[in-house]
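Visitor: Numbering (mature numbering (1 follows the signal peptide of the UniProt record, and there is no 0)), first residue to last: -22 to -1, 1 to 375.
This is the structure I have questions about; it appears just below.
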Amino acid sequence: MTSYLRRGALAAALLLSLAACQRGNDAAAAAAPKPAPAQAATHTVPSDLGELRVTEVASGLEHPWAVALLPDGGFLVTERPGRLRRVGADGAISAPLKNVPEVWAQGQGGLLDVVLAPDFASSQRIYLSYAEPGPDGSAGTAVATATLGADALSEVKRIYQQQPKLVGPNHFGSRIAFDGKGHVFITQGERQQRMASQELDKLQGKLVRLNLDGSVPADNPFVGRGDARAEIWSYGHRNMQSLAVDPRTGTVWEAEHGPRGGDEINLPQAGKNYGWPIVTHGIDYSGLKIAEAEGKEKPGMEPPYHVWEKSPALSGMAFYTGHAGSGWNDSLFLGALSDGSLIRLSLDGDKIVGEERLLKPLGWRIRDVRVSADGKVYALTDESEGKLLRIEPPKAK
């Protein structure tokens, strides 16, 4: 019997060792650089205005979350497990850049948004948002700035952290956008603590507005109030994974996940309450009513600017403007995860006058979308073998 138990223990130890070795090999493979593809895969898909050409610029990215377009034609891409990579215009993927902040890569947490600073051309500075680990398994959304080098970040400085940190795997947000007036906006989620969105002494479920260095603007709506966080711009949000500033007007737009139904777009104003979870068009994932909900509207709470009764699961947002010869001019693009599409909203000023769902034949979860200066659209697919896509608009007729 003793010999039998000893052999069993040795076998178990061997299996554990092999499993650890395999995990190490998998991690090494995930972190390895990837050469440019010999030939980029392309797809032709229909749209209301004509056929679209979709090119797979790069593939093999592990749950890519955000893409920033570099002036040299390349890209920065975040992978949710905590890697930041350069992707060349030819699709070659670098090894992970060094000195990225430590991330809490569990559930929906990890390395999230990446954007170029307004003065990137001279400073080479970038902004990163991520789930930051805290004590006792807690985590919260954070933002850091850093100087971009060839293979590493330097001068990494955290400029924002969500407080208090909470335990739980979901609803970190997070997107970053600049208003062109010296401010940075940061979205985040309520970490599935629904009523935290209504509590002004907490940062969960809030749109935050800061100066570019992370300090609080003197004209933020709750500055000077002892019962409220001065960083807050607006509140009553659920899980905001889309944010952009309209280049035509400077208006801030954000989109957020509803629960089961009720994804919405808001144009958040200073100090306003956008209702979650007291006001919602959605229901619980169980099919029951949200416990705190009082209806779809309530005095003193802002209704959504635009709402989807069936959730497409919105992530990423980009305006398409300044291209008068294109049928896509004056559009707003949003990624859709559960819907497996890229949503294009036609705009007349601020008014949404049409909706088209692109790329549905491909069936990919679209996590992020950006528009280049030459009028091409870039998108990321949220997969274990995720792709960076280039989408060329239909030719004008």
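For every residue, glycine included, the Cβ atom is placed at its ideal position computed from N, Cα and C.
As the structure is a prediction and not an experimental result, all values here were calculated from the model.
1. Which of the three DSSP states is assigned to Ala174 in this structure?
2. Apart from the five residues just before and just after Asp114, which ones in its own chain have a Cβ nearer than 8 Å to its Cβ?
3. Using CA atoms only, rank isn't needed, just tell me which of Gln182, Leu245, Glu168 is closest to Ala222.
4. State buried or exposed for Gly300, treating a residue as buried only when at least 16 other CB atoms are found within 10 Å of its CB.
5. Please classify Ser362: does DSSP put it in a helix, a strand, or coil?
6. Which same chain residues, not among the five before or five after Leu178, have their C-beta less than 7 Å away from its C-beta?
7. Would you say Ala269 lies against chain D (beta-carbon separation less than 8 Å)?
8. Among the residues of its own chain, which have a CB less than 8 Å from the CB of Leu340, if the five just before and after it don't count?
9. In the DSSP assignment, what residue or residues form a beta bridge with Gln139?
10. Give the DSSP-derived three-state secondary structure of Lys180 in the structure shown.
11. Starting from Arg63, follow its DSSP beta bridges and name the residues at the other end.
12. For my contact list, Ile104 and Ala117 are in at a C-beta cut-off of 8 Å; report their separation, rounded to the angstrom.
13. Does Phe200 come out as helix, strand or coil in the three-state DSSP assignment?
14. Can you name the start and end residues of the beta strand (DSSP E) that Phe311 belongs to?
15. What separation, rounded to the nearest whole angstrom, lies between the Cα atoms of Leu336 and Gly88?
16. With a 10 Å radius around its C-beta and 16 neighbouring C-beta atoms as the bar for buried, classify Ala374 as buried or exposed.
17. Using the beta-carbon count (16 or more within 10 Å), is Gly265 buried or exposed?
18. Please identify the residue among Ala67, Glu57, Asn148 whose C-alpha is closest to the C-alpha of Leu75.
19. So what's Met(-22) in DSSP terms, helix, strand or just coil?
20. Could you tell me if Gln17 is buried or exposed, where buried requires 16 or more neighbouring beta carbons within 10 angstroms of its beta carbon?
21. Determine the closest residue to Leu320 out of Ala10, Ala19, Lys12, Leu30, with distance taken between C-alpha atoms.
22. Run through the region 214 to 260 for me and flag every whole beta strand (DSSP E) of 3 or more residues, listed as ranges in chain order.
23. Compare the beta carbon distance of Leu315 and Met295 with 8 Å and say whether it is the shorter of the two.
24. Less than 7 Å between C-beta atoms, sequence neighbours within five positions excluded: which residues of the same chain meet that for Glu275?
25. Alpha carbon to alpha carbon, how far is His259 from Leu90?
26. Thinking Gly38 and Ile71 are a contact (beta carbons under 8 Å), I'd like their distance in whole angstroms, please.
27. Does DSSP put Asp326 in a helix, in a strand, or in coil?
28. Can you check DSSP and say which residues form a bridge with Arg31?
29. Measuring only the C-alpha atoms, how far is Ile369 from Glu34?
30. With Ser212 as the anchor, note down where its beta strand (DSSP E) starts and where it stops.
31. Which residues does DSSP pair with Asn189 in a beta bridge?
32. Tell me the DSSP bridge mates of Lys12?
33. Could you check which residue in Tyr283, Ile164, Lys143 has the C-alpha nearest to that of Arg153?
34. How big is the Cα-Cα spacing for Glu361 and Trp43?
35. Throw me the rounded Cβ distance for the Gly167 and Arg216 pair, which I believe falls under 8 Å.
36. With C-beta atoms as the reference, is Leu106 less than 8 Å away from Pro142?
Guide: Reading off the structure:
1. It is helical.
2. Taken in chain order, the residues that qualify are Val145.
3. For Ala222, the closest of Gln182, Leu245, Glu168 by C-alpha to C-alpha distance is Leu245.
4. Gly300 comes out exposed.
5. Ser362 falls in the coil class under three-state DSSP.
6. Shown here for Leu178: same chain residues with a beta carbon closer than 7 Å to its own, the five before and five after excluded, namely Phe200, Asp205, Ala206, Arg207, Ile210, Tyr213 in chain order.
7. In the structure shown, chain D does not exist; there is a single protein chain.
8. His21, Val23, Val32, Gly318, listed in sequence order.
9. Within the DSSP secondary-structure output, Gln139 pairs in a beta bridge with Ala120.
10. Three-state DSSP puts Lys180 in coil, outside helix and strand.
11. Looking at the DSSP assignment, Arg63 forms a beta bridge with Val55.
12. Wrong, their Cβ atoms sit about 22 Å apart, outside the cutoff.
13. Three-state result, Phe200: coil.
14. That run of the beta strand (DSSP E) goes 309 to 314.
15. Answer to the nearest angstrom: the Cα atoms are 28 Å apart.
16. It counts as exposed.
17. Using a 10 angstroms sphere on the CB of Gly265, the tally of other CB atoms stays under 16, which defines it as exposed.
18. Across the set Ala67, Glu57, Asn148, the C-alpha of Glu57 shows the shortest separation from the C-alpha of Leu75.
19. Per-residue confidence for Met(-22) stands at a pLDDT of 46, beneath the threshold of 50, marking its modelled position as unreliable; the derived number appears in the next sentence. Coil at Met(-22), not helix or strand.
20. So Gln17 counts as exposed.
21. In terms of CA proximity to Leu320, Leu30 leads the group Ala10, Ala19, Lys12, Leu30.
22. If we require 3 residues or more, the beta strand (DSSP E) runs fully inside the region 214 to 260 come out as 217 to 223, 230 to 235, 241 to 244.
23. Judged by beta-carbon spacing, Met295 lies beyond the 8 Å limit of Leu315, meaning their Cβ atoms are not closer than that value.
24. So the list reads Val257, Pro281, once near-sequence residues are dropped.
25. Each residue's Cα considered, the two are about 27 Å apart.
26. About 7 Å; that satisfies the 8 Å criterion.
27. The three-state reading of DSSP puts Asp326 in strand, counting E and B together.
28. Arg31 is bridged by DSSP to Thr22, Glu370.
29. Each residue's alpha carbon lies about 9 Å from the other.
30. Segment 210 to 212, the beta strand (DSSP E) holding Ser212.
31. Its beta-bridge partners are His161.
32. Its beta-bridge partners are Ile71.
33. It is Ile164.
34. Between Glu361 and Trp43, the C-alpha separation is close to 10 Å.
35. Here Gly167 really is in contact with Arg216; their C-beta atoms are around 7 Å apart, less than 8 Å.
36. Cβ distance not < 8 Å, so Leu106 and Pro142 don't count as in contact.
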